[in-house]
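Quick note on our numbering: the sequence shown kicks off at 25 and runs consecutively. Glycine included, each C-beta is placed from N, C-alpha and C at the ideal position. These notes concern the structure reproduced below.
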Amino acid sequence: MRAASCMADTRRFVAPQAWVGGRWERDVLLVAQDGLWQQVRAGCTAGERAAAEPLPGPVLPGLVNGHSHAFQRAIAGLTEANAQGHDDFWSWRDRMYAAALRITPQQLEAVAAFLYAELLRAGYTQVCEFHYLHNDADGRPYADPLEMAMALVRAAQRTGIGLTLLPTLYMRSGFSATGLRDDQRRFASTPGSVLRIAEAVRRADATGAVTAGIALHSLRAVDEGALEETAQAARAAALPVHIHVAEQQQEVDDCLRRHGQRPVEWLLAHANLDARWNLVHATQASRPELEAVQRCGASIVLCPSTEANLGDGIFDLPRWLEIGGRWSVGSDSHVTRSWMEELRLLEYAQRLVLKQRNVAARGRRQTETASVLYQAAVDGGSAAAGLPLGGLAVGQRADFCVVDAQAPALAGVPPEHTLSALVFSSPEAPMVRVCVGGRDVSLDLPAAAYGAAMQALWP
Ligand SMILES: [Zn+2]
């Protein structure tokens, strides 16, 4: 990657305890140069400590948020009444479209900036933005095709979070449709249009903090030819590729009806999956499908709070962990901005179904569930973002956060159980400091512009 805006800039930190390679280490020297880790070493000497800046609490790597639709932050908490006596994913989607049809570029920037600041405060330092609001509210392309994309880029740059923008191809309303519904007019795009946005965004940022990949909205939204054309271009440019797949049972049924294959099965047969692919949700994927995805080296992006909020179902986490599948975590519709809540919910869903405890740590004696889940989420982040974001290790981007050691939830907790307390004991505002590429970011929320945008959206 290109270095962040700190050329030939070296910063030395020392942490009383830091999460390195899947476990807590003590007295860790962390040296960042040009935005990347140049040294990470436990048990530093008194001399090294004296020459470094002390960090005031346990240090965690920054986490990648693998799936975000920033504009949906504007409806978090606003879709929780049962409007028609029966409510499901599809009726939620109609209400979500009301926001999608209304939001202006200025409002999107304000909502995204507030959201990204919230994500930073929680310890996410990179967000993968699955972006399909391309056109003006009437469905006509903006004079500048980058109008909405750049609103997201500016929001990221203002807050300091890293951004992987994923311009999203969305061409039709269902497997058998030839075009979009009227209320999907802002999503209209072609392989060429999304690839041009990705290329322009990659050129627009000289710091390396903003990059781009490509997304295919879903199999129902993209036909085979367009999928192949886009995937080939993404392969040539070595871009990460994201796709929503097998989230809802209806999607599985429609795909079976249309193609005689389940969505993940069809994707495996037609898309040449490799390690750049990120399958978002895969909630309904069968065990043979999961095993085949793992063999391709593709990742899955799990969004537990949104999947619960939308009634999607429960991902087969035990099997995916058992076969060593790679995954990242995403906050998707942003009903929570806390990765701690995401990981807790991921585990609790399994406990409720299986009537067992510590399911993610099954088969690993004396290993804490939070450690297993957190390290897996760190390991999966680079694939989602297409950047070296694999934790506190030489060559990775120097992202980290400092946990508030004074948080009541951590009071009296032995240091080695810090992660468990973070995930299973509900601390509020747990981070006191967050750095991206070796640089501090503000933890203030840009609340005034967000408040004004929300007022205009929902008068
Ligand atoms: Zn999504």
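(1) Could you tell me whether any non-hydrogen atom of ligand 1 is closer than 7 Å to the CB of F211?
(2) Indicate whether W344 and L369 have their beta-carbon atoms separated by less than 8 Å.
(3) Going straight from the alpha carbon of A98 to that of A179, what length do you get?
(4) Have a look at G321, R381, L187 and L143 and flag the residue whose alpha-carbon is nearest the alpha-carbon of M364.
(5) Which two residues bound the contiguous alpha helix (DSSP H) that contains P82?
(6) Can you grab the Cα-Cα spacing for the pair C30 / D58, in whole Å?
(7) Might you give, ordered along the chain, the residues of its own chain that have their beta carbon closer than 8 Å to the beta carbon of A471, omitting 5 neighbours on each side?
(8) Excluding five sequence neighbours on each side, which residues of the same chain lie with their C-beta closer than 7 Å to the C-beta of P408?
(9) Which first and last residues belong to the alpha helix (DSSP H) in which D277 is found?
(10) Find out if the Cβ-Cβ distance for the pair G237, V460 is shorter than 8 Å.
(11) For the candidate residues E223, A257, N159 and R259, whose alpha-carbon lies nearest to that of A212?
(12) Under the three-state reduction of DSSP, which class applies to V325: helix, strand or coil?
(13) Between R388, A94, M172 and W114, which has its C-alpha nearest Q130's C-alpha?
(14) For V458, collect the residues of the same chain with a Cβ closer than 6 Å to its Cβ; drop the 5 residues on either side in sequence, then sort them by chain order.
(15) Please tell me whether N333 and S310 are closer than 8 Å, where the distance is taken between their beta carbons.
(16) Identify, in the order they occur along the chain, each residue of the same chain with its Cβ nearer than 6 Å to the Cβ of Q150, setting aside the five sequence neighbours on each side.
(17) Which runs of the beta strand (DSSP E) spanning at least 3 residues fall entirely within the segment 200-273, listed in chain order?
(18) Apart from the five residues just before and just after A484, which ones in its own chain have a Cβ nearer than 7 Å to its Cβ?
(19) Are V317 and L292 touching if we call contact CB-CB under 8 Å?
(20) Quick one: complete beta strand (DSSP E) runs, 3+ long, within the segment 410-465?
(21) Going by DSSP in three states, N512 sits in which element: helix, strand or coil?
(22) Can you have a look at I127 and say buried or exposed, based on whether 16 or more other CB atoms are within 10 angstroms of its CB?
(23) Out of curiosity, what's the CA-to-CA distance linking L469 and R182?
(24) Between the Cα of Y398 and those of L125, D33 and G86, spot the shortest distance and give me the residue it belongs to.
(25) What residue range is occupied by the uninterrupted alpha helix (DSSP H) comprising Y372?
(26) How far does the beta strand (DSSP E) with S352 in it reach, from first residue to last?
(27) Going by the beta-carbon positions, is the gap between P191 and A239 smaller than 8 Å?
(28) Can you check the segment 75-156 for any alpha helix (DSSP H) of at least 4 residues that lies completely inside it and give the ranges in chain order?
(29) Considering just the uninterrupted stretch of the alpha helix (DSSP H) at Q318, what are its terminal residues?
(30) Look up L190 in the DSSP assignment and give the residues it is bridged to.
(31) Look at the alpha carbon of A70 and the alpha carbon of V427, and state the distance between them as a whole number of angstroms.
(32) State the DSSP-derived secondary structure class of D51, mapped to helix, strand or coil.
(33) Do P439 and W43 count as a contact pair if the criterion is CB distance below 8 Å?
(34) Rounded to the nearest angstrom, how far is the Cβ of F339 from that of A306, given a contact under 8 Å?
(35) What is the DSSP secondary structure of Q41, counted as helix, strand or coil?
(36) Within 7 Å: the Cβ of H268 and any heavy atom of ligand 1?
Based on what the coordinates show:
(1) Not under cutoff, so the answer is no.
(2) no
(3) Taking the straight line joining both Cα atoms gives about 15 Å.
(4) L143
(5) From DSSP, P82 is part of no alpha helix (DSSP H); its letter is neither H nor E.
(6) Confidence is the limiting factor: at C30 the pLDDT is only 42, short of 50, which leaves the residue's position unreliable and the question unanswerable from this model.
(7) Closer than 8 Å at Cβ, skipping near neighbours: F138.
(8) First, the amino acid is wrong: residue 408 is Ala here, not Pro. V88, G90, C152, P264, N302, S323, V325 and S352.
(9) Q273 to H283
(10) no
(11) N159
(12) strand
(13) M172
(14) L144, C425 and V465
(15) no
(16) Cβ neighbours of Q150 beyond the five flanking positions: V88, G186, A409 and L413.
(17) 234-236, 238-240 and 265-269
(18) Given a span of 25 to 483 for the chain in the structure shown, any question on residue 484 remains unanswerable.
(19) yes
(20) 424-427 and 455-460
(21) With the chain covering only 25 through 483, there is no way to say anything about residue 512.
(22) When all chains shown are included, I127 counts as buried.
(23) 11 Å
(24) G86
(25) W363 to L378
(26) Judged by DSSP secondary structure, S352 falls within the beta strand (DSSP E) whose first and last residues are R350 to V353.
(27) Cβ atoms of P191 and A239: closer than 8 Å.
(28) 113-126 and 129-146
(29) R311 to C320
(30) DSSP links L190 through a beta bridge to F154.
(31) 23 Å
(32) strand
(33) no
(34) 7 Å
(35) strand
(36) H268 Cβ: within cutoff of ligand 1.
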